[in-house]
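J.: Heads up: the sequence lines are chains A and B, in that order. Residues -10 to 412 (the working numbering) make up the first sequence, in order. Residues 1354 to 1619 (the working numbering) make up the second sequence, in order. Starting off with a structure, shown below.
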Amino acid sequence: MRVSLFSNKGLASKLDFASARVHNDSKLNAPPLHWVAKQDFSQEGPFLPDQEAQFEVDRSGPAPILRVTGDWTIHTIGAIDADLRLIRDLDTDRPAIVDVSGLMDLDTAGAYVIEKALLSSVEQPAQMIGKHPVAGRMLAEVRKFTAGCDALPEPVPLWRQLLGRMGRAMVQIYDELIDTVGFFGETVVACGKAIANPSRVRWLPTFAVAESAGLNAVPIVMTLSFFIGAVIAFLGKTILQDFGASVFTIELVGFAVLREFGVLITAIILAGRSDSSFTAQIGSMKMTQEIDAMRILGMSPMEMLVVPRVIALLVMFPILTFLAMIAGIAGGAIVTMLTLDISPTLFFNRLNDNVGVDQFWAGMGKAPVFAFIIAIIGCRQGLNVESDVISLGQRTTASVVQALFMVIVVEAVFALIYMELGI
Amino acid sequence: MNPADALTPILDIPDEHVAIRLRGIANRFGHVVIHEHLDLDVLRGETIGIVGGSGTGKSVLMRAIIGLRPPSEGKVMVLGHDVWSNNPAERKALDARWGVMFQDGALFSNLTVRENVLVPLTEHTDLPPKLALEIADLKILMAGLPPSSADKLPAELSGGMRKRAALARAIALDPDILFLDEPTAGLDPITAGKFDALVNELKETLGLTVFLITHDLDTLRDACDRVAALAEGKVIAIGPLDHLREHATGWLSEYFGGPRGRAALG
């Protein structure tokens, strides 16, 4: 059913039903002010170009009068702000009367700057002369808030900010350290329980993580190790040639790849690849309160989320390391064979005689340690995510950075231990 | 016929009184039809409440009006301009004429409340930085937030304060139209009531047209001039709340006549 409502004159009175036929009585009497204003000033449509805002202070009479003309909206007041501030900053002799007869469009931003220039407060409002449909009300509304608006905080000096941030960072590092050690202990206990009672291990997520963090990382780990092996071989050949000892390139490749780079490349890739995903996965579960739900349902997040990841990495890390070693040796072997004219038989004989299986185990021995570090750092940072997006980003970054840091530090510790052991 | 008896949309209101004009809107997701032949006029200076069951496409409709998702068919005119006309300058001008408060606030989480309110100010105006800061503070105070909250991040605020901060950002440019998507959802009744009062007050001061999506019957009663009910893909009824209640049929009578409706509206 259509009703022909507006086909005759006297539009506004009929339109009243829409905005004024409301439930409380005070509103019933209130005219629909907004379109009174709109009809007066922007009949041609909403995008009428703005009239420049202008003002002058008339000091000819007994009291100064601020005369405002043109549109005073958020789009026009920028141009006159500097001039208006000159009046605003006067200690005495600010006008207490405003003449709005030439004023066209006005919004709260415009009302704010007018009110700020006037000698006016809620107790003693400025006097308004001239007629304007909304100015009186806008000025009165804005007047309530003007006092609170330029109490901007004093900027803290740079050196104090710097010191403050350094101090906070120190405390944070200390807290992180304590927290990590605590989490380490918690994880060990949870893993111990899992070993004592293997039926409690969640095997499905364990295999899922083993696939995504382990199996899917095989191509990248092998490719990079291959190139590292090749680079070492080039390096060895170039440097050792000067001493007439280029055949020792084989030993260099063997030692470097088996003992250090196979496991280190794997650790670095997993620190970047898996740590970020562990933190993001667990972190977003934290944000959506899934972890709280788990706790309520009697499932321990340690058991559901952390233990599967630790087990998966403990299993997959040595396998990846092994593959990385194969790829690295292959890269080194191909370069040596092509550039030094050494036969594969000689290469592998020298590798077997002079490098030996000890170096393989020296490298492999680090794998579970790195796996554990990477898994618990990723999980811990994920569980520390709070409810906002920033902390998710911060925690993911922290997770990768800490994992890389710890991997390198532990690598150095291993180097010292092996040296003392004479391996 | 008495105009107040009109339950279906009145479609011959002259342009200058219409803030939002929808004609023949259709929205489809694959084979799922959300809207079909939907017509609606929102008058300048009124607060219109949009109600409808879950899945009737209230938010989809709003997204079509504010230019976030094109309707499958139909024409969306806001303040006399076609929202989907592909004219970037016109769109930018329109963006400065409306303020939107999304359901969860959608505040930028890495910015403080003051910086959030500053975003539209710096994007759409060339105010001197100092004045822009003052205007931002003005809007924060007008939205009913304490001055101390200006330097806080959204995550540090309570739900009600976050809504107010979102409102402060929505009114930053003194818009002509304010879109509110479930402004009182998740608020306690007292805070929700205060929020309704705040919206009313801002509407009076700024002369706003308010497009308000809500489930909250108290908000319909206290803040809306007219109510439009969405069902079966179109506006099934529109008019002042009391009138709608008297003539409610089908879904609407269930909506108003249920225990919650009776409790809220008496």
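Quick reminder that beta carbons are idealized off the backbone N, C-alpha and C, glycines included.
Please list the terminal residues of the continuous alpha helix (DSSP H) segment that includes M293 of chain A.
T.: It is not in any alpha helix (DSSP H) - M293 of chain A carries neither H nor E in the DSSP assignment.
J.: Between B:E1389, B:G1398 and B:D1448, which lies nearest to G1560 of chain B when the distance is taken from Cα to Cα?
T.: Restricting attention to B:E1389, B:G1398 and B:D1448, the CA atom closest to the CA of G1560 of chain B is found in B:G1398.
J.: Below 7 Å on C-beta distance, what does V98 of chain A contact in chain B?
T.: As written in the sequence, residue 98 of chain A is Ala, which differs from the Val given in the question. By Cβ distance, chain B contributes I1488 and D1527.
J.: Please report the distance separating the alpha-carbon of Q161 of chain A from that of V378 of chain A.
T.: 20 Å
J.: Please list the terminal residues of the continuous beta strand (DSSP E) segment that includes E1389 of chain B.
T.: Counting along the chain, the beta strand (DSSP E) containing E1389 of chain B begins and ends at V1385 to L1396.
J.: Would you please state the rounded distance, in angstroms, between the beta carbons of M117 of chain A and A124 of chain A? I believe it to be under 8 Å.
T.: 7 Å
J.: Among residues of its own chain, excluding the 5 on either side of F1461 of chain B, which ones have a beta-carbon nearer than 6 Å to its beta-carbon?
T.: Its chain contains N1469 as the residues whose beta carbon lies nearer than 6 Å to that of F1461 of chain B, once the 5 sequence neighbours on both sides are disregarded; these appear in chain order.
J.: Beta-carbon of D377 of chain A versus every beta-carbon of chain B: anything under 7 Å?
T.: yes
J.: Using a Cβ-Cβ cutoff of less than 7 Å, which residues in the same chain neighbour G119 of chain A once the five nearest sequence positions on both sides are dropped?
T.: D88, V89 and S90
J.: Touching or not, the segment 340 to 359 of chain A and the segment 274 to 283 of chain A, by the rule of three or more beta carbon pairs under 8 Å?
T.: no
J.: For M1454 of chain B, which residues in chain A fall below 9 Å Cβ to Cβ?
T.: Residues of chain A passing the Cβ test: none, with the nearest at roughly 17 Å.
J.: List the whole-angstrom C-beta distance separating I1530 of chain B from V1431 of chain B, where the pair is believed to meet the contact cut-off of C-beta under 8 Å.
T.: 7 Å
J.: Using a Cβ-Cβ cut-off of 8 Å (strictly less than) and excluding sequence neighbours within five positions of P1593 of chain B, which residues of its own chain qualify?
T.: A1357, D1578, R1579 and V1580
J.: Identify which residue in B:R1381, B:I1387, B:G1433 and B:R1522 has its Cα closest to the Cα of V1588 of chain B.
T.: B:I1387
J.: What are the boundary residues of the beta strand (DSSP E) that E45 of chain A is part of?
T.: Q43 to D47
J.: Report the CB separation of P1481 of chain B from G67 of chain A in whole angstroms; it is logged as a contact under 8 Å.
T.: 6 Å
J.: Roughly how many angstroms lie between the CA atoms of A1535 of chain B and N1440 of chain B, to the nearest whole one?
T.: The amino acid at residue 1535 of chain B is misidentified as Ala; the sequence shows Glu. Taking the straight line from one Cα to the other gives about 30 Å.
J.: Per DSSP, which one or two residues make a beta bridge with Q116 of chain A?
T.: A:I86
J.: Taking beta-carbon pairs under 8 Å, can you tell me which members of the segment 1553 to 1567 of chain B lie near chain A?
T.: E1557, T1558, L1559, G1560, L1561 and T1562
J.: C138 of chain A CB to nearest chain B CB: under 7 Å?
T.: yes
J.: According to the neighbour-count rule (16 or more other Cβ atoms, all chains shown, within 10 Å of its Cβ), is P20 of chain A buried or exposed?
T.: Because P20 of chain A carries a pLDDT of 36, less than 50, the predicted location of this residue cannot be relied on, and no value is offered for it.
J.: Check whether the segment 253 to 267 of chain A and the segment 391 to 410 of chain A touch, using three or more Cβ-Cβ pairs below 8 Å as the test.
T.: yes
J.: Hey, how far is the Cα of G1383 of chain B from the Cα of S1425 of chain B?
T.: Between G1383 of chain B and S1425 of chain B, the C-alpha separation is close to 10 Å.
J.: What residue range is occupied by the uninterrupted alpha helix (DSSP H) comprising K1556 of chain B?
T.: P1542 to L1559
J.: So what does R56 of chain A bridge to, in DSSP terms?
T.: A:E45 and A:D88
J.: Taking contact to mean at least 3 C-beta pairs separated by less than 8 Å, is the segment 369 to 386 of chain A in contact with the segment 315 to 332 of chain A?
T.: no
J.: Thinking C-beta only, is V398 of chain A closer than 7 Å to A256 of chain A?
T.: no
J.: May I have the straight-line CA-CA distance separating D1549 of chain B from I54 of chain A, to the nearest angstrom?
T.: 38 Å
J.: According to DSSP, is H1568 of chain B helix, strand or coil?
T.: coil
J.: Of the residues that make up the segment 1470 to 1502 of chain B, which ones have a beta carbon closer than 7 Å to any beta carbon in chain A?
T.: Residues passing the 7 Å Cβ filter: T1478, D1479, L1480, P1481, L1484, L1486, E1487, I1488, D1490, L1491, L1494, M1495 and P1500.
J.: State yes or no: is the beta carbon of G320 of chain A nearer than 7 Å to at least one beta carbon in chain B?
T.: The beta-carbon of G320 of chain A is placed no less than 7 Å from the nearest beta-carbon of chain B.
J.: L193 of chain A to E1509 of chain B, Cα distance in whole Å?
T.: 38 Å
J.: Work out the CA separation of F311 of chain A and G352 of chain A for me, nearest whole Å.
T.: Rounded to whole angstroms, G352 of chain A to F311 of chain A spans 9 Å at the Cα level.
J.: According to DSSP, which residues form a beta bridge with E1426 of chain B?
T.: According to the DSSP secondary-structure assignment, E1426 of chain B is paired through a beta bridge with B:A1379.
J.: Would you check whether the ligand ADP has a heavy atom nearer than 6 Å to the C-beta of G1383 of chain B?
T.: Because no ligand of any kind appears in the structure shown, any question about the ligand ADP cannot be addressed here.
J.: Please name the residue, chosen from A:I86, A:I63, A:I239 and A:P114, that lies closest to R102 of chain A on a Cα-to-Cα basis.
T.: One detail in the question is off: residue 102 of chain A reads as Val in this sequence, not Arg. The option with the nearest alpha carbon to V102 of chain A is A:I63.
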